[in-house]
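The structure under discussion appears below in the form of structure tokens.
In our numbering, the protein residues as written are 155 to 501.
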């Protein structure tokens with residue numbers, strides 16, 4: 155009976171479950187306003203560049219304090235005061251050397267003028283080195299960089315070491331051989347019995363050995379890199395060559411010095427010295443940057459240039475031929491490595 159009663163009652167139809175999305179009421183908020191592009195203030199490029207430089211400099215300083223290696227391109231750019239360095243290195247030596255030239259022709263009792271002229275010449279020689287030390291004072295990263303390049307041979311291959319030590323010897327021997335073809339004497343290949351100049355109270359070997367070392371400690375500890383931080387290697391060589399030729403001029407006023415003998419020899423030999431500076435600097439800086447800015451290589455190249463040109467009984471005309479050979483060699487090196495000389499990036 156109960157079963158019949160349940161069948162007789164009307165059944166309620168099951169309604170399907172409403173999806174969750176249908177139960178959500180539509181948003182009652184106001185419609186969003188249309189997107190409006192806001193104006194942005196452009197930051198000047200100069201400010202962006204300055205910020206990058208500040209960040210880069212602070213990073214270099216932090217790396218130097220922590221003893222980390224700084225990339226060559228970045229450390230060279232920290233030699234920032236070329237005009238101050240070269241200005242002081244020109245004015246101060248000129249002042250000492252012109253006074254030394256005037257004193258050297260005096261006739262003082264006991265030959266005191268020779269002592270005074272020698273001391274004045276030495277003070278002028280030391281001026282660029284003192285300037286380099288002053289400009290690197292208080293900058294531990296630069297001092298560490300100079301010490302690394304001066305007291306290590308890292309990056310110096312046997313090839314570049316041999317070129318630095320014997321290129322000038324080969325050039326003067328080749329020049330003498332060429333001069334023999336034009337009728338000059340073979341006696342040039344004999345060792346000279348004496349030096350071709352004097353240096354006051356200072357021994358001649360001082361000018362042949364110590365003076366080049368003192369010069370290169372200034373030029374390649376600060377001066378060359380200061381120019382290289384702003385210019386290509388070729389422009390650096392050209393500017394420094396012209397500067398270096400002018401820098402030597404007052405030495406011709408000192409009695410019995412090498413440069414005074416050049417002037418007395420005539421215009422040809424004076425011009426030859428000034429012109430020879432250009433290929434010499436190109437080859438020296440080529441060696442310097444190929445050996446990761448090694449100062450010792452520059453010192454060796456400069457010392458051998460003066461020494462080998464004095465040990466033989468070389469005719470002055472052979473030195474003119476030597477300059478021509480060095481010009482050809484330096485031109486070949488520049489053309490062969492154009493990117494190395496003309497790209498401002500320091501490898």
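Here a beta-carbon is modelled for each residue, glycine too, at the ideal position from N, C-alpha and C.
The segment 252-268 makes no contact with the segment 395-403, as fewer than three CB pairs between them are under 8 Å. Annotation: residue 276 to residue 492 spans about 39 Å, alpha carbon to alpha carbon. Three or more Cβ pairs closer than 8 Å define a contact, and the segment 457-468 meets that threshold against the segment 334-351. The beta-bridge partner set that DSSP reports for residue 394 is empty. In the three-state DSSP reduction, residue 305 falls in the helix class (H, G or I). The straight-line gap separating the alpha-carbon atoms of residue 435 and residue 477 is approximately 12 Å.
The C-alpha of residue 446 lies about 35 Å from the C-alpha of residue 332. Scanning the segment 219-273 from its first residue to its last, the whole alpha helix (DSSP H) runs of 4-plus residues come out as 226-230 and 236-258. With the rule of 3 Cβ pairs closer than 8 Å, the segment 311-330 does not count as touching the segment 229-247.
In the structure shown, the three-state DSSP call for residue 349 is coil. For residue 471, the enclosing alpha helix (DSSP H) has its first and last residue at 470-490. For the options 418, 444 and 499, the alpha carbon positioned closest to that of residue 487 is the one of 444. At a Cβ-Cβ threshold of 9 Å, residue 449 and residue 304 count as neighbours. Taking 9 Å as the cut-off, the beta carbon of residue 321 is found no closer than this to the beta carbon of residue 482. The segment 279-330 contains no complete beta strand (DSSP E) run of 3 or more residues. The beta carbons of residue 490 and residue 386 sit about 16 Å from each other, so the pair does not count as a contact at 8 Å.
Annotated as proximal: residue 377 and residue 282, with beta-carbon spacing under 9 Å.
Assignment of alpha helix (DSSP H) within the segment 347-427, counting only whole runs of 4 or more residues, yields 365-372, 378-382, 387-402 and 412-419 in chain order. Bounds of any alpha helix (DSSP H) do not take in residue 337, whose DSSP letter is neither H nor E. Between residue 256 and residue 414, the C-beta gap is not smaller than 9 Å, which leaves the two residues out of contact. Judged by their CB atoms, residue 416 and residue 432 are not nearer to each other than the 9 Å cut-off.
Per DSSP, residue 432 has no beta bridge partner at all. Taking each of 265, 360, 423 and 391 in turn and checking the Cα distance to residue 485, the smallest one comes out for 391. A direct Cα-to-Cα measurement between residue 272 and residue 248 gives close to 14 Å.
For residue 465, the uninterrupted alpha helix (DSSP H) segment begins and ends at 449-465. CA-to-CA, the gap between residue 379 and residue 362 works out to about 25 Å.
The three-state reading of DSSP puts residue 344 in coil, since its state is none of H, G, I, E or B. Listed in chain order, the non-local C-beta contacts of residue 495 below 6 Å within the same chain comprise 387, 388 and 488, local neighbours out to five positions each way being set aside.
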